[in-house]
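What follows is one structure encoded as structure tokens, with my remarks underneath.
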Amino acid sequence: MSTTLAGGRAARRQTMRRIRPRRSPAVPLLLAVWAGAAAVLWLWWHNTPSIADDNGRILNAGRITGLLAGYLMALVVLQMARVPALERRVGSDRVARWHAMSGRYTLCLIVAHVFLIMWGYALQAGKSLGDIVQQTIDSINQLPDMGKAAIGTGLFVLIGLTSIGPVRRRMPYDTWYHVHLMTYAAVFLTFWHQITTGNDFAVEPMAKTFWYGLYGTVTALLIWYRIITPIRLNLKHRMRVEAVIEETPGIVSVLIGGRKLHRMGAEAGQFFRWRFLAPGMRFSSHPYSLSAAPRPDMLRITVKAIGDHSARLRELTPGTRVWAEGPYGAMTAQRRSRGKVLLVAGGVGITPMRALFETLPGAAGDITLLYRANSTQDLALWDELAKIADERGARLMYAVNSPDGERPDISAENLQRKIPDIDRHDVFMCGPTGFAQSVYEALRGAGVPARRIHHESFEM
Amino acid sequence: MRKSHPIRRVVLATAATVSGVVLLLSLKPASDPAAASAAGAAPQQTAAGQKAPQGGQQGGAQASSGAGTVTGDATQTQYGTVQVRLTVSNGKIAKAEAVQAPKGGLSDQKTALAVPKLNQEAVAAQSAQIDAVSGATYTSNGYKKSLQSALDRMKSAGSAGSSGPGAPGSSGAAQTRTVTGKVAQTQYGPVQVRITVSGGKIAKAEAVQAPKGGLSDQKTALAVPKLNQEAVTAGNANIDAVSGATYTSTGYKQSLQSALDQAGG
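First to last, the sequence lines map onto chains A and B.
Under the working numbering, the first sequence has 376 at position 376, and the numbering climbs by one with no breaks.
Under the working numbering, the second sequence has 610 at position 150, and the numbering climbs by one with no breaks.
This is the structure we're talking about:
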């Protein structure tokens, strides 16, 4: 401790020199997405000389929604391809929210497309809106690849229904996940009718090439990052459960051994998707953060037993093989823009904070950890945290409910009183949504700019 | 961590999409500018009556017009020969077509893409001052040269009062005339029918425009000859649609009806 203290101002300057925040590529990526959408609309514009009447307007509205849906569908799948630039730079949580949002939007476009096109065809054949069902059946029978497209659309609707909040919450995670996997089949089935019956692709061979290019690229990225990369990772590192340790009632740590684990490139604050090859657990993988900086021979995760899966972790026996995919997550030291850092943990959200607390570069007094739990017994990993704080001269604070159950007051005023220069801190935060929301507001009230509050939330 | 407002987002996304689509649709003209002027320029009674003063009333209506076809010079381009033929009526280009155009390999696609556009442009511009189709520059330039030579011939022929060389299409028979129907838009492309009326009956029906590209080529090849036959047999627009080509058939019937209306009127 005395050595770090002696470093003082010079050491801090040294630290600052290394801090170069990497900006998230979100803005350029979103611009590229908009440019692509504009190109798709231009394609329609270019191939449509005129619109004669209402029938033409309905058909062309159907064509526009169809083209946009086809374009966005590729991007919705791409967002789940676990591309490192998205997972580690933009952040897995943000990409997952984009995926949910764009997925819902695309589904709406698909429904609008089917309705408008079939309505338009019915009008063209001299029938009315009432004959739309018959028209749909006729089109499926007469036009190429429409049968496949109809099945694919049915799957999309099913996937959309199972993803509606209340439905999804009542459904076991695994069921939802496996229904969701059918997206690949649905995309494949609906792809072909775009090429064979799409007006713009028939007229413009270049558009067809572009469309194949878009879908081909997404497929290649999926195969590479969702299949080949995990296989290589696991063949190389051969991870197994070393030990399971009960930290506090309900919170367990799993130690995972393997070969050359430091070569996986994982950083403090990141997570892996873990699949334990034990009976009843092998068919689902779950994201858990590293609760300590990775060591060459050992990784550690710390998990609260809340769901089926996490409760079963307790019964893992040493030697169980582990299949991991990652590392993912963008809440790492690279987000930092200031010398001073405040880490805020709520409950089991301590896991990534514990790893960052140990590894974030900083002089004595630069790093502060605020740990919120229900009671002092629930402060998992407290002994380790105290030791790290002592070694590196970092500040460690906790907030628990009073004996009569009253919640601690984490307000802007209290934060400012405890940390007078809080507005000059970067804040990393992990915890349940309600907690994170209230702390976020308190931090903003205490003058911390939004861009310096780094938070990962998997709530949709 | 900003507060999310799901309802507001849904409303915004819906409003933005709907208004965007409506805006795009409303910005499109109601009819194809090129096709519209083609239809306008094409006198619906392309009778070649001036050589046959005995043509009576029908011919009389067209007495001042010089109608017929003019074929331009064959122009060599890097990819093959281009030659343009114009159908002239009332001193205007009623129709332009390429009797020769580059063929084989990539050229087929380019020709399929470029020639219909160039034909439309020629009719719309009524001159050789037309834009080249991007991606088919050589074909476009060859087309423009051949078009210019055809125009030159058309002018000299017009002043001479005859329909120039290569105009065997002029039908001397008094009771025979061709009538071109209005362009009918279908979802796969415009359809336009021209009928030859002789003795008050449809002697011949043909489609001067029909859907092109991809699947449409097959359907057009399948449907149009049948429809032509049916039109001649029926003598009216109450003909059966060709199954598998419902839209083309519907468009055909519309254009045929308009041609019949004109012929009758």
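Each residue gets a CB set at the ideal place from its N, CA and C atoms; glycine is no exception.
For secondary structure counted as the alpha helix (DSSP H) over 4 or more consecutive residues, the region 402-458 of chain A holds these complete runs in sequence order: 412-418 and 433-445.
Collapsing the DSSP output to three states places Leu277 of chain A in coil.
In terms of beta-carbon proximity, Arg469 of chain B lines the interface with chain A, with at least one pair separated by less than 9 angstroms. Ala39 of chain A is bridged by DSSP to nothing; it lacks a bridge partner. Taking C-beta atoms as the reference points, Ala554 of chain B and Lys570 of chain B fail to come closer than 9 angstroms.
Rounded to the nearest whole angstrom, the CA to CA distance from Ala32 of chain A to Ser24 of chain A is 14 angstroms. No Cβ-Cβ contact shorter than 9 angstroms links Gly265 of chain A with Met239 of chain A.
Within chain A, Ile51, Arg57, Asn60 and Ala61 have C-beta atoms less than 7 angstroms from the C-beta of Leu485 of chain B, given in sequence order.
Burial check for Asn579 of chain B: the Cβ neighbour count within 10 Å reaches 16 or more, so the residue is buried.
The beta carbon of Trp45 of chain A falls within 9 angstroms of a beta carbon belonging to chain B, placing the residue at that interface. With its beta carbon at least 9 angstroms from every one in chain A, Lys555 of chain B lies outside the interface. For the pair Thr332 of chain A and Ala278 of chain A, the CB atoms are not nearer than the 9 angstroms cut-off. Under a criterion of Cβ atoms nearer than 9 angstroms, the residues of chain A adjacent to Tyr707 of chain B are, in order, Tyr121, Gln124 and Ala125.
Annotated as proximal: Gly70 of chain A and Gly198 of chain A, with beta-carbon spacing under 9 angstroms.
Selection A:Phe283, A:Leu316 and A:Phe271 evaluated against Pro294 of chain A yields A:Phe271 as nearest (Cα-Cα). Contact between Lys488 of chain B and Thr65 of chain A does not hold, since their C-beta atoms are separated by about 16 angstroms, which reaches or exceeds 8 angstroms. Under the DSSP definition of a beta bridge, Arg654 of chain B partners with B:Thr640 and B:Glu666. Chain B has a Cβ within less than 9 angstroms of the Cβ of Gln142 of chain A. Three or more Cβ pairs drawn from the region 540-547 of chain B and the region 605-619 of chain B lie within less than 8 angstroms of each other, which places the two stretches in contact.
Bridge pairing for Tyr648 of chain B: absent [DSSP].
The straight-line gap separating the alpha-carbon atoms of Leu181 of chain A and Tyr173 of chain A is approximately 12 angstroms. Within 10 angstroms of the beta-carbon of Asn141 of chain A lie fewer than 16 other beta-carbons, which makes it exposed. Rounded to whole angstroms, the gap between the alpha carbons of His46 of chain A and Ile159 of chain A is 34 angstroms.
DSSP lists no beta-bridge partner residue for Phe115 of chain A. Residue state for Ile553 of chain B is assigned as strand, using DSSP reduced to three classes. Asn601 of chain B and Thr531 of chain B have their C-alpha atoms spaced approximately 17 angstroms apart. When secondary structure is reduced to three states using DSSP, His286 of chain A falls in the strand class. If you look at Ser253 of chain A, you'll find it in the beta strand (DSSP E) that goes Ile251 to Gly257. The way I'd put it, the region 395-406 of chain A doesn't touch the region 434-447 of chain A; fewer than three beta-carbon pairs between them come closer than 8 angstroms. The alpha carbon of Gly551 of chain B has as its nearest neighbour, out of B:Gln586, B:Pro650 and B:Pro562, the alpha carbon of B:Gln586. Interface with chain A (9 angstroms Cβ-Cβ cutoff): Val668 of chain B is excluded. If you check the CB distance, Ile117 of chain A and Leu59 of chain A come in under 9 angstroms. In the DSSP annotation of this structure, the continuous segment of the alpha helix (DSSP H) that includes Tyr712 of chain B starts and ends at Thr706 to Gly724. In the structure shown, Met397 of chain A falls within a strand segment according to DSSP collapsed to helix, strand and coil. By a beta-carbon distance limit of 8 angstroms, Thr209 of chain A does not contact Asp145 of chain A. Their separation comes to about 19 angstroms. In the DSSP assignment, Thr302 of chain A falls within the unbroken beta strand (DSSP E) covering Met298 to Lys304.
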